[in-house]
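Just so you know, the sequence shown maps onto residues 1358 to 1679 in this note's numbering.
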Amino acid sequence: MNSVVFGQYYHANSWLHRLDPRCKLVSMFMLMIGVFFIRRLDVLALLFALAIILVISSKVPIIKYLKSIKMIATLLIFTFVFQVLFNKTGNELYTFNFTLTYFNLAAGILLLVLFFVLGRLVKKLRLLQFLATLAGAFSLQMFWVYGDVITPYSITIHDASLINSGIILVRVLILVCMSSCLTLCTKPTDITLGLDKMFAPLKKLHLDTSIFTMMISIALRFIPTLINEAFRILRAQASRGVEFSQGGLIKKIRQMVSLLVPMFVIAYKKAADLALAMEARSYIPGHDRTSLYLLKYKARDYIVYVFSLLLLAGMIVVRFVL
């Protein structure tokens, strides 16, 4: 389960681990809301520095957070590049002039073929290989003009588009760091207990919140388990000669059946085992339940509450006043 970070708990003895789960849930929720109020890159940079301080103080290995960022690295890079290239707001910052020739076109196709061939030999660092391929293709068009010219073109970078791209990138990184910090520093059972206590007033409105909190707990617990089961099935199918990266669309859809069918069987079996285990422990949905661990606020929880409220208020002031 080392390949999946979401939903995992890492045991450590940090102040974040010792906080009340209700305090962590409410504080993280307030900070995440405040991040969307900010539209200035310098303020978001300060918030990102605060998120880095939380990450370091959690005593969780940095590699855990890097893995969570790695899961969305491709989406972040695509969003950043898309905003820079197609958002034409603001003043022109720099213009890249390119010249496409038949020689450069052939060299670009050769680099693309080399990328696919190398991808079959080296399975890791695919994103880095793709970025190197693009950089090589555009460098040829910029610095090595040889042969008959097909067409010249240019790409203009605007200052506002660059700033907006940076805002989106930093905002997503802050949200990923905070959500990862919450799940890595809080047990799923504590999250369930915290949510149940937070939603307790809704029971006066005849709303059964215990089922909702139990669903969240089960999802946080079994999402990484099912993902790792999928990886295990992929490796087992690959050892039997199934290549999910080869063939056309129809062939890939047929190959996915060999993954979906055992995944459905495994999920159904785990759900049945979980239901039997809950019934054996006399779990009845909607009934009042006692807890082995009672939640009780301490001084550090109130301090975090006050700091989070002040930080949220400051972010609102920055958004609407400054």
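Ideal placement from N, C-alpha and C gives every residue a C-beta, glycine not left out. Owing to the predicted nature of the structure, the values given are computational and were not obtained by experimental measurement.
Euclidean distance between Cα positions of residue i and residue j
i: residue 1575; j: residue 1371; result: 25 Å
i: residue 1520; j: residue 1447; result: 10 Å
i: residue 1475; j: residue 1400; result: 42 Å
i: residue 1464; j: residue 1479; result: 22 Å
i: residue 1522; j: residue 1638; result: 51 Å
i: residue 1533; j: residue 1633; result: 35 Å
i: residue 1595; j: residue 1365; result: 27 Å
i: residue 1563; j: residue 1552; result: 17 Å
i: residue 1416; j: residue 1368; result: 9 Å
i: residue 1554; j: residue 1570; result: 10 Å
i: residue 1454; j: residue 1613; result: 44 Å
i: residue 1573; j: residue 1628; result: 14 Å
i: residue 1671; j: residue 1661; result: 15 Å
i: residue 1667; j: residue 1435; result: 35 Å
i: residue 1359; j: residue 1420; result: Note that residue 1359 scores 47 on pLDDT, short of 50, meaning its location in the model is unreliable and no value can be drawn from it.
i: residue 1626; j: residue 1617; result: 14 Å
i: residue 1640; j: residue 1550; result: 15 Å
i: residue 1557; j: residue 1659; result: 20 Å
i: residue 1650; j: residue 1374; result: 15 Å
i: residue 1439; j: residue 1597; result: 40 Å
i: residue 1483; j: residue 1477; result: 10 Å
i: residue 1611; j: residue 1677; result: 54 Å
i: residue 1437; j: residue 1622; result: 39 Å
i: residue 1510; j: residue 1414; result: 49 Å
i: residue 1486; j: residue 1624; result: 35 Å
i: residue 1470; j: residue 1607; result: 23 Å
i: residue 1406; j: residue 1656; result: 25 Å
i: residue 1636; j: residue 1592; result: 34 Å
i: residue 1501; j: residue 1466; result: 16 Å
Own chain residues within Cβ distance below 8 Å of residue i, not counting five before or after
i: residue 1620; result: 1583, 1586, 1587 and 1590
i: residue 1560; result: 1566
i: residue 1669; result: 1387, 1388, 1390 and 1391
i: residue 1673; result: 1391 and 1394
i: residue 1675; result: 1394, 1395, 1397 and 1400
i: residue 1326; result: Given a span of 1358 to 1679 for the chain in the structure shown, any question on residue 1326 remains unanswerable.
i: residue 1653; result: 1377
i: residue 1512; result: 1442, 1452, 1453 and 1455
i: residue 1481; result: none
Cutoff 7 Å; reference residue i; Cβ partners in own chain excluding five residues on either side
i: residue 1505; result: 1458 and 1459
i: residue 1544; result: 1366
i: residue 1514; result: 1441, 1450 and 1451
i: residue 1433; result: 1526 and 1529
i: residue 1524; result: 1396, 1398 and 1401
i: residue 1535; result: 1385, 1388, 1389 and 1408
Classification of residue i by the beta-carbon crowding that lies within 10 angstroms, buried from 16 upward
i: residue 1428; result: exposed
i: residue 1664; result: exposed
i: residue 1528; result: buried
i: residue 1431; result: exposed
i: residue 1418; result: exposed
i: residue 1547; result: buried
i: residue 1508; result: exposed
i: residue 1488; result: exposed
i: residue 1404; result: buried
i: residue 1531; result: buried
Cβ neighbours of residue i in the same chain (closer than 6 Å, five flanking residues each side left out)
i: residue 1396; result: none
i: residue 1490; result: 1468 and 1472
i: residue 1493; result: 1468
Using 8 Å as the threshold, is the stretch 1530-1540 in touch with the stretch 1380-1400, meaning 3 or more CB pairs across them? yes
Should the stretch 1423-1435 be called in touch with the stretch 1490-1501, which here means at least 3 C-beta pairs below 8 Å? no
Identify every run of the alpha helix (DSSP H) within the stretch 1416-1451, keeping only runs that are complete inside it and at least 4 residues long; order them along the chain. 1419-1427 and 1430-1443
If contact is defined by three or more beta carbon pairs under 8 Å, each pair taking one atom from either stretch, is the stretch 1514-1530 in contact with the stretch 1433-1449? yes
I want to know whether the stretch 1402-1416 touches the stretch 1559-1578 - three or more CB-CB distances under 8 Å. no
Pick out the complete alpha helix (DSSP H) segments inside the stretch 1493-1549, 4 residues or longer, and give them in chain order. 1516-1541
Unbroken alpha helix (DSSP H) runs of length 4 or more, entirely within the stretch 1560-1647: which are they? 1566-1596 and 1606-1637
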